[in-house]
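Colleague:
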Amino acid sequence: MSTASGWTYWGQVLILGLAWTSMLIVIARNAVSVLQLAIAAWVFARRIKPAPRSIDLWSRYEDLAPPVTVVAPAFNEELSVVDSVKALLALQYPDHQVIVVNDGSKDATLARLIEAFGMHSVDRQQLVALQTTRILGVYASPGYPNLLVVDKENGRKADAANAGIGFAVTPLVCVIDADSIIESDGLLRATEPFMTDHGELVAVGGAIRVVNGSAVDGGHITTLRVSPKWLPRFQIVEYLRAFLTARVANAHTGTLLLISGAFGIFKRSVLVEIGGYRHDTVGEDLEIVTRLHRHMRERRQRYRIEFVPEIVCWTEAPETLGGLRNQRSRWQQGALETLVAHRAMIGNPRYGRVGLIAMPLMVLEDVIGPPAELIGYLVVPVCYLLGILEPATALAFFSLTFVFGTGVSIATLALEERQLRRTPRAADLGRIALAAVVENFGYRQINLVYRLRGFWRFLKKDTAWAAVPRTGYTRADESKTAWPLTVERRVAEAEPTVYERDQESGPVGEADDPKMSA
Amino acid sequence: MAHILVADDDPLLSDLVRFRLEAVGHRLTLVEDGQAALATIRADRPDILILDAMMPILSGQQLLQTLKGDPDLSAIPVIMLTARKGQDDIMNALQSGADDYITKPFLPDELVLRIERLLARRG
Amino acid sequence: MVVSIVFAVTSCTAMAALYVRRLIDERQQRHERADDIALSRELMAARTPEQVDTLRERFRSIDHERRTRVFSHLLQLVRGDDHDRLMRLADALGMPDGAIRRLRKGNAAQRVDAMRELERYPLPRAVEALERCLAQDRRHDVRLEAAAALARIGSVPAPGVLIDTLDLRRRPINRLHEAILRAGAPRHSAELIALSRDPATGRVRPLLVEALGWIGDFSVLAVLHDHAGDPDPAVRAAAARAARKLGHPGAGSWLIPLLLDPFDQVRIQAVRAAGQLGLTQAIPMLAALVENPSWWVRMRAVEALALLRGGQPSPEAPIGLRR
């Protein structure tokens with residue numbers, strides 16, 4: 001055997017190995033999607049539908065609805081901020097506060113708010129300081145007693161949200177994005193699980209849909225339509241898949257790791273306990289839920305994180321490839337940062353199904369999945385051309401990626417149509433169905449490339465991350481889940497109430513038997 | 001007799017109100033959101049307004065505040081007809097200048113009487 | 001490969017079927033709204049037995065979903081005579097009968113769906129069916145739904161029955177339990193007062209004491225006064241909460257001592273009640289509580305003072321970080 005043929009031989013083995021590995025990974029990912037779809041379909045078929053009960057009973061017993069503070073960070077939103085805040089104040093809910101955090105806007109965001117709501121500076125102090133930047137001022141208005149505007153130095157969304165959470169005094173906080181359009185009964189729907197909770201529920205996420213193409217006026221959707229552009233339509237399909245199958249299945253199995261930053265409800269005391277959002281990751285929404293799991297499991301406390309498949313909020317999807325690229329590479333980078341920060345959880349039985357199932361699935365989905373699929377696209381045809389891969393096998397790979405993906409998307413859409421029916425018209429349904437097919441030929445592959453760019457950004461940033469200055473903080477040791485905070489910065493725990501359920505949940509075993517005494 | 005505007009996004013309710021009030025000789029205009037209501041009020045000057053608190057686009061409460069803040073329109077009597085029974089809702093509406101507050105479910109005959117009374121008071 | 005194609009073809013077929021259904025629905029919907037309004041007018045107008053018979057005939061050609069939708073919607077809109085007449089009509093047309101049958105079979109979700117339909121027609125036979133479900137259903141969450149349905153239609157069973165059927169002595173207590181007990185308070189006031197004094201109710205007792213506030217009768221103040229001296233702080237806190245709900249300043253004599261209670265949860269409820277009831281005699285003590293070590297007591301004291309001093313600005317600083 002000559003050296004050259006030896007090289008060829010090993011080369012062939014390598015390339016064939018690559019092809020098979022990527023095929024196996026693609027098969028595994030598809031198997032996961034189908035399993036999630038099946039679980040979601042089962043959940044939808046068996047679930048007790050949300051009742052008129054919350055709306056009805058809460059209108060009768062207002063004080064039973066847990067008060068919620070909506071924390072809305074705003075950065076350079078002068079054009080829309082007044083309308084958005086009006087819409088937030090008009091949400092249907094018996095008892096909610098709105099805290100707008102002006103994150104050092106360069107425009108007239110603050111001035112518009114002060115003028116529109118007749119606000120004046122007040123001496124309101126935070127319960128707890130979770131932010132790293134300085135608070136410049138707090139504004140309230142006699143005409144709008146449940147509105148508070150916090151003006152602060154520019155940070156990131158995580159820092160602005162943390163500042164707002166620090167001012168919240170209600171048992172629940174709802175963190176949203178500046179451009180989120182909340183359904184008018186979104187708060188009611190998302191807090192519905194708290195009606196039958198006895199202190200274990202720490203966070204609730206809800207379904208989010210793409211608003212592009214709909215007419216929006218004064219912070220409300222006036223006509224619901226599907227965008228005529230392809231890019232938002234593909235994203236409608238993606239959002240359906242994510243929120244109707246993956247999140248529903250994950251929440252049902254106790255492995256939900258992500259509550260979107262566009263809308264999430266958290267128990268305030270637990271958020272404060274873990275120190276709020278981290279501001280050194282671009283995926284703070286994923287990181288905080290992962291850290292919540294970690295925290296509760298390390299403390300051996302019973303807890304639940306739920307997901308409401310009803311629509312709670314609408315969000316603007318990027319309409320250009322550039323915007324999409326930024327968003328996707330940011331999401332990818334955030335996922336990698338979270339995985340690295342919490343690598344100790346991966347496969348660790350100490351973290352139960354989160355460690356054994358959720359984290360490994362995230363590795364499959366976010367670390368090895370995207371490159372494997374891309375490699376497959378390149379290597380499988382090469383193997384076929386070299387004659388080392390059966391044509392049937394090569395064909396199987398492509399049918400798996402293209403045809404199977406279409407199947408999953410269409411099945412999700414069918415699930416939506418059967419269970420929720422929130423697509424405005426039959427024509428729109430047809431458009432989305434078409435997008436679900438076309439999506440697999442091009443859009444999906446482009447996203448893989450954008451995600452690879454996220455890998456690159458992650459690797460570049462990795463060193464910078466370690467070097468982020470943490471002046472003013474004592475670095476907590478690695479095993480702690482709380483975002484580093486000095487003791488005196490964490491003043492407040494939950495308000496003591498008649499019943500224990502609104503306070504911290506007890507350790508395992510005791511949670512079933514809450515004592516009524518202090 | 002009188003021209004009455006009903007702003008409610010529930011067509012069955014609007015029709016029920018229309019049915020009862022037309023029977024006693026009033027003229028009715030029905031709209032389904034606050035913005036449309038405001039446009040009609042500015043254009044047609046109805047004699048009485050019946051507003052739902054929760055409507056798309058511009059809520060009844062917001063509409064009420066707009067109307068009572070406008071010297072041109074503040075004299076038109078407003079009846080809030082709403083499912084909101086909370087103390088705060090009622091207090092807010094009355095403080096903002098609502099002339100009457102009726103909660104759903106309501107007595108259709110009572111609505112008719114209250115309208116007559118408001119019209120009589122206006123002379 | 002075959003699997004992929006079969007899967008994709010199946011989903012596409014299902015989707016195509018749903019799409020066609022939606023198209024048909026959409027065609028129909030244009031007429032539906034007008035039809036709904038026409039039907040609702042007929043329902044409102046049906047007074048004589050002949051009219052009811054005509055309506056019964058007409059109902060045969062209308063699908064169940066639409067019938068239920070229009071009927072229950074009207075029931076939610078009107079009160080008084082109109083409501084009573086509609087209920088008699090629902091009875092005559094047998095509106096709740098299908099749901100009563102479905103309450104006994106199917107999975108939990110289906111049984112709850114039947115319950116939701118049933119509660120729209122609170123006729124005696126519907127109440128009976130719900131009570132049977134509350135007593136007998138094997139699943140706790142379904143029993144809880146039955147209790148909630150009964151609460152919504154104003155037919156809550158007595159608190160003793162609720163404690164047993166919902167297993168409240170053993171199970172964790174949630175907001176829905178609280179709401180259901182409150183809903184039954186005016187109806188079962190005597191039993192509620194007796195139970196609130198019964199130590200055997202154990203950890204349910206604070207809920208019962210709080211529900212006293214929803215009886216809507218000031219004579220219950222004397223009972224609350226007794227509970228204000230209870231050794232269990234949760235009971236004392238519940239008594240203060242009930243007093244706040246009742247809104248009668250007569251509770252002042254026993255509420256003010258609770259401002260000095262050793263337990264935060266009692267002080268907080270007492271402070272909130274003092275503000276709500278307008279107990280101006282509590283102002284000096286509330287002013288002292290603004291310096292309380294507990295953040296929550298401080299905040300509630302500032303709120304109460306703002307209420308009592310009628311909008312005069314109160315010091316905000318004590319409730320913040322800076323102290």
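Residue numbers (full-length UniProt numbering), protein chains in the order written: chain B, 1 to 518; chain W, 1 to 123; chain E, 1 to 323.
Ideal Cβ positions, reconstructed from N, Cα and C, are used throughout, including at glycine.
So, with DSSP's three-state summary, where would you put B:T463?
Modeller: Note that B:T463 scores 46 on pLDDT, short of 50, meaning its location in the model is unreliable; the coordinates nonetheless yield the value given after this. In the structure shown, B:T463 sits in a helix (DSSP, three-state: H, G or I).
Colleague: Could you tell me whether the Cβ atoms of W:L5 and W:L49 are closer together than 7 Å?
Modeller: Result yes, Cβ atoms of W:L5 and W:L49 sit closer than 7 Å.
Colleague: Beta carbon of E:P124: closer than 6 Å to some heavy atom of the ligand MN?
Modeller: With respect to the ligand MN, the structure shown offers nothing to examine, as it has no ligands at all.
Colleague: Starting from W:I79, find everything on chain B with Cβ-Cβ shorter than 9 Å and list it in chain order.
Modeller: Going along chain B, no residue has its Cβ under 9 Å from W:I79, so there is no contact; the nearest lies around 20 Å.
Colleague: Which one or two residues does DSSP pair with B:A151 in a beta bridge?
Modeller: Looking at the sequence provided, one finds Asp at residue 151 of chain B rather than Ala. Paired residue(s): B:N102 and B:G137.
Colleague: Examine chain W for any beta-carbon lying closer than 7 Å to the beta-carbon of B:H220, and answer yes or no.
Modeller: Interface residue, yes.
Colleague: Tell me whether the stretch 297-317 of chain B and the stretch 428-437 of chain B touch, counting them as touching only if at least three CB pairs, one residue from each stretch, are closer than 8 Å.
Modeller: Counting Cβ pairs under 8 Å, fewer than three are found: no touch.
Colleague: Cβ of E:R205 within 7 Å of Cβ of E:V235?
Modeller: Their beta carbons are under 7 Å apart, which means E:R205 touches E:V235 by this criterion.
Colleague: Beta-carbon within less than 6 Å of B:E287's beta-carbon, same chain only, minus the 5 sequence neighbours each way: which residues are those?
Modeller: Excluding sequence neighbours, B:E287 sits near R278, T281 and T338.
Colleague: Work out the CA separation of W:A53 and W:S59 for me, nearest whole Å.
Modeller: W:S59 and W:A53: Cα-Cα distance of roughly 6 Å.
Colleague: For the alpha helix (DSSP H) containing B:V340, name the first residue and the last one.
Modeller: Run containing B:V340: L321 to A341, per the alpha helix (DSSP H) assignment.
Colleague: So with Cβ pairs under 7 Å, would you call B:E373 a contact of chain E?
Modeller: By this cut-off, B:E373 is not an interface position.
Colleague: Under the three-state reduction of DSSP, which class applies to B:I221: helix, strand or coil?
Modeller: Here B:I221 sits in strand by DSSP.
Colleague: Mind checking which residues open and close the alpha helix (DSSP H) that includes W:E22?
Modeller: That run of the alpha helix (DSSP H) goes P11 to A23.
Colleague: Excluding the five sequence neighbours on either side, which residues of its own chain have a C-beta within less than 8 Å of the C-beta of residue 362 of chain E, listed in chain order?
Modeller: Within the shown structure, residues of chain E are numbered from 1 to 323, placing residue 362 of chain E beyond reach of any answer.
Colleague: For E:V9, which of helix, strand or coil comes out of DSSP?
Modeller: Three-state DSSP puts E:V9 in a helix.
Colleague: Pull up the CB-CB distance for E:E131 and E:L150, whole angstroms please, since I reckon it's below 8 Å.
Modeller: 7 Å between Cβ atoms; contact.
Colleague: So, is the C-beta of E:R30 closer than 7 Å to a C-beta in chain B?
Modeller: With 7 Å as the cut-off, E:R30 does not count as an interface residue toward chain B.
Colleague: Using CA coordinates, which residue listed in B:I375, B:N146 and B:N440 is at the minimum distance from B:L24?
Modeller: Cα-wise, what sits closest to B:L24 is B:I375.
Colleague: Which one of B:V85, B:A161 and B:D217 has the shortest CA to CA distance from W:Q35?
Modeller: Closest by alpha carbon: B:D217.
Colleague: Could you give the C-beta distance for E:L259 and E:A282, rounded to a whole number, given that I count them as a contact under 8 Å?
Modeller: Correct: roughly 7 Å between the Cβ atoms.
Colleague: What are the boundary residues of the alpha helix (DSSP H) that includes E:E210?
Modeller: Where E:E210 is concerned, the enclosing alpha helix (DSSP H) stretches over R205 to A211.
Colleague: Could you run through the stretch 194-205 of chain B and flag, in chain order, every residue whose CB is less than 8 Å away from some CB of chain E?
Modeller: Those residues of the stretch 194-205 of chain B that come within reach of chain E (Cβ to Cβ, closer than 8 Å) are F194, M195, T196, D197, H198 and G199.
Colleague: Is DSSP giving E:R104 helix, strand or coil here?
Modeller: In the structure shown, E:R104 sits in coil (DSSP, three-state: anything other than H, G, I, E or B).
Colleague: Going by C-alpha to C-alpha distance, which of E:D82, E:N107, E:C133 and E:H177 sits closest to E:I100?
Modeller: Per the Cα distances, E:C133.
Colleague: How would you call E:C254, buried or exposed, if buried means at least 16 neighbouring beta carbons within 10 angstroms?
Modeller: Rather than Cys, the amino acid found at residue 254 of chain E in this sequence is Trp. Buried, since its Cβ has 16 or more Cβ neighbours within 10 Å.
Colleague: In chain E, which residues lie less than 7 Å from W:P11 when you measure between Cβ atoms?
Modeller: Under the 7 Å cutoff, chain E gives R33 and I37.
Colleague: Hey, does W:I41 have any beta-carbon neighbour from chain B nearer than 7 Å?
Modeller: False, the Cβ-Cβ gap to chain B never drops below 7 Å.
Colleague: Where does B:F194 sit, in a helix, a strand or coil, going by DSSP?
Modeller: Helix at B:F194.
Colleague: Where does residue 324 of chain E fall in DSSP's three states?
Modeller: As shown, chain E starts at 1 and ends at 323. That puts residue 324 of chain E outside it, with no answer to give.
Colleague: Rounded to the nearest angstrom, what separates B:V491 and B:I265 at their Cα positions?
Modeller: For B:V491, the pLDDT reaches just 45, beneath the cut-off of 50, and the residue's location in the model is therefore unreliable, leaving the point undetermined.
Colleague: Measure the Cβ-Cβ separation of residue 330 of chain E and E:A158 and say whether it is below 7 Å.
Modeller: Coverage of chain E is limited to positions 1 through 323, which leaves residue 330 of chain E absent and any answer about it impossible.
Colleague: So is W:L107 in contact with chain A if we call contact Cβ pairs under 7 Å?
Modeller: The structure shown contains no chain A; its protein chains are B, W and E.
Colleague: Considering only residues of the same chain and omitting the five flanking positions on each side of E:V223, which have a CB-CB separation below 8 Å?
Modeller: I193, S196, R197 and L212, listed in sequence order.
Colleague: Apart from the five residues just before and just after W:R84, which ones in its own chain have a Cβ nearer than 6 Å to its Cβ?
Modeller: Only A53 meet the Cβ criterion.
Colleague: Runs of 3 residues minimum, wholly inside the stretch 232-313 of chain E: which ones carry the beta strand (DSSP E) assignment?
Modeller: The stretch 232-313 of chain E contains no whole beta strand (DSSP E) run of 3 or more residues.
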